[in-house]
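Asks:
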Amino acid sequence: MLDLWRRFSKRKVDFEYIPSEDSEHLLHDSKPAHCNTQSPVTACKGPSWLVVTILLMFTAVVSALLGAWAVQRERMDADAFSIQHISQYSPIVEDVGVHFTPTRFNGSLLKSNVFRQDAGPEVDEAWKSIGVDYSAARIPASQAPRSGLASDQVKIKGKYGGGYPAHVEGLHHLHCLNLLRKSLAWNFKYYTEQGLGPFRNDPDILKYHITHCLDILRQQLMCTVDVGVLGQVWYQPPGKGPEPFVDFNTMHKCRNFEGIREWAEKHQLPPSEEVPADFLEMPREGDRVWDSVP
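Numbering follows the working numbering, in which position 133 of the sequence shown is assigned residue number 1037; successive positions increment by one, without gaps.
(1) Compute the beta-carbon to beta-carbon distance between PRO1175 and SER1039, rounded to the nearest angstrom, for a pair I have assumed lies under 8 Å.
(2) Indicate whether at least one CB of chain E lies closer than 7 Å to the CB of ALA968.
(3) List the whole-angstrom C-beta distance separating GLY971 from ALA1168, where the pair is believed to meet the contact cut-off of C-beta under 8 Å.
(4) On the CB-based measure, 16 or more other CB atoms within 10 Å of its CB, does TYR1095 come out buried or exposed?
(5) Going by other Cβ atoms of all chains shown within 10 Å of its Cβ, with 16 needed for buried, is PRO995 buried or exposed?
(6) Residue range of the beta strand (DSSP E) that GLU1162 falls in?
(7) If you draw a straight line from the alpha carbon of MET1196 to that of ALA1054, how long is it in whole angstroms?
(8) If I follow the unbroken beta strand (DSSP E) through PHE1149, where does it start and stop?
(9) Give me the Cα-Cα distance between GLU928 and TRP953, rounded to the nearest whole angstrom.
(10) Between SER991, GLY1011 and ALA1041, which has its C-alpha nearest MET1155's C-alpha?
(11) Check whether the Cβ atoms of CYS1127 and LEU1083 sit closer than 7 Å, and answer yes or no.
(12) Spatial neighbours of VAL1150 within its chain, please: CB distance less than 6 Å, with the 5 preceding and 5 following residues excluded, ordered by chain position.
(13) What are the partner residues of ALA1070, as DSSP defines its beta bridges?
(14) Does the segment 1018-1034 come into contact with the segment 1101-1116, if we say contact requires no fewer than three beta-carbon pairs (one atom in each stretch) closer than 8 Å?
(15) Less than 8 Å between the CB atoms is what I'm expecting for ILE990 and GLY1074, so what's the real figure, rounded?
(16) Between VAL965, GLN992, GLN1047 and GLY1001, which has its C-alpha nearest ALA982's C-alpha?
(17) Rounded to whole angstroms, what is the Cα-Cα separation between LYS1170 and LEU1088?
(18) Look at the Cβ atom of ARG1192, then the Cβ atom of ASP1106, and state whether they are nearer than 7 Å.
(19) If you draw a straight line from the C-alpha of ASN1091 to the C-alpha of ILE1060, how long is it?
(20) Roughly how many whole angstroms lie between the Cα atoms of CYS1158 and ASN1017?
(21) So, using beta-carbon positions, are ILE1043 and GLY1062 closer together than 7 Å?
(22) Between which two residues does the beta strand (DSSP E) carrying PHE1004 extend?
(23) What is the DSSP secondary structure of GLU1178, counted as helix, strand or coil?
(24) Hey, out of THR957, PHE1019 and ASN1160, whose CA is closest to THR1007's CA?
(25) Using a Cβ-Cβ cut-off of 8 Å (strictly less than) and excluding sequence neighbours within five positions of GLN1124, which residues of its own chain qualify?
(26) Which value, in whole angstroms, describes the spacing of the CA atoms of LEU1014 and ARG1020?
(27) Please state whether DSSP places ASP933 in a helix, a strand or coil.
(28) Can you name, in chain order, every residue of its own chain whose Cβ lies under 6 Å from the Cβ of GLN992, other than the five neighbours on each side?
(29) Taking DSSP as the reference, what is the three-state secondary structure of GLN1124?
(30) According to DSSP, simplified to helix, strand and coil, what is MET961?
(31) Would you kindly check if the distance between the Cβ of LEU1173 and the Cβ of VAL1058 is under 7 Å?
(32) Could you tell me the alpha carbon to alpha carbon distance between ASN1153 and CYS1080, rounded to whole angstroms?
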């Protein structure tokens, strides 16, 4: 018996795998193309994790770049959005590209500059250099409505290029401020004796002009009231203890004035005394004609 068991255990038994038709049919239908269907034990590999990782990293990088681009674009567009929101449109908005730059005011009380000097050629030249005497510019007819100009306002004849004569309002404000400077008690005699510009007019008209400018500036300052605050600093007067004094040297966000001034200078029309007599288009039927100076 024991000898029979030993002989049996030493025999080699071979098994043959015989797949059924049904099971093979199911395997062929359910396995991906990359699976090994020739083996009875099929080992199918999943998607490559390397490919998935690369795709995820690529997506992350692209998302980061798009996010950075969007933030930068928003910062660049912020100035354009702001000027459209707070200011009347004009061709300057597109031609110049108005933007804002942090700027510290010179608010010194005792340290003068050229704009504060007494009447004379040097101070006059300084004020002229910032565009206070520029002629009107030409606003194209296509941009007039958006710029706040009515169709029955003064127009230039088509044979001279058409459009509307108009001044840059900010430079008119500076013109008014310059007139107030000239009208100060210690300057008034100098400019009256010169008899130039507004000082050619009768005293009554000159007074209207000065008070017009005064009130235009009042309205402008109230309209664009600065909500910044003026702190105080300590200063040491001779022979006394420290005393507080208002610090007027404050930071502001200023528009690119020089670019705007250059636009106004470049687009000036010839002075009225140099243009042809028929330069302007006369009013048509239905156009408003005021009974007096508005």
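For every residue, glycine included, the Cβ atom is placed at its ideal position computed from N, Cα and C.
Replies: In short, the structure shows the following:
(1) 6 Å
(2) Absent from the structure is chain E; it holds one protein chain and no more.
(3) So it is not a contact: roughly 40 Å between Cβ atoms.
(4) buried
(5) buried
(6) Segment 1161-1170 is the alpha helix (DSSP H) holding GLU1162; no beta strand (DSSP E) there.
(7) At residue 1196 the sequence reads Ser, which differs from the Met that was named. For SER1196 and ALA1054, the distance between alpha carbons rounds to 18 Å.
(8) 1147-1150
(9) A caution first: GLU928 carries a pLDDT of 45, below 50, which makes its placement in the model too unreliable to give a value.
(10) GLY1011
(11) no
(12) LEU1134 and GLN1136
(13) ALA1041
(14) no
(15) Contact doesn't hold; Cβ gap of about 13 Å is too wide.
(16) GLY1001
(17) 32 Å
(18) no
(19) 38 Å
(20) 20 Å
(21) no
(22) 1004-1008
(23) helix
(24) ASN1160
(25) HIS1077
(26) 11 Å
(27) Only weak support is given to the placement of ASP933: the predicted model assigns it a pLDDT of 47, under 50, and the value that follows is read from those uncertain coordinates. In the structure shown, ASP933 sits in a helix (DSSP, three-state: H, G or I).
(28) GLY1052
(29) helix
(30) helix
(31) no
(32) 24 Å
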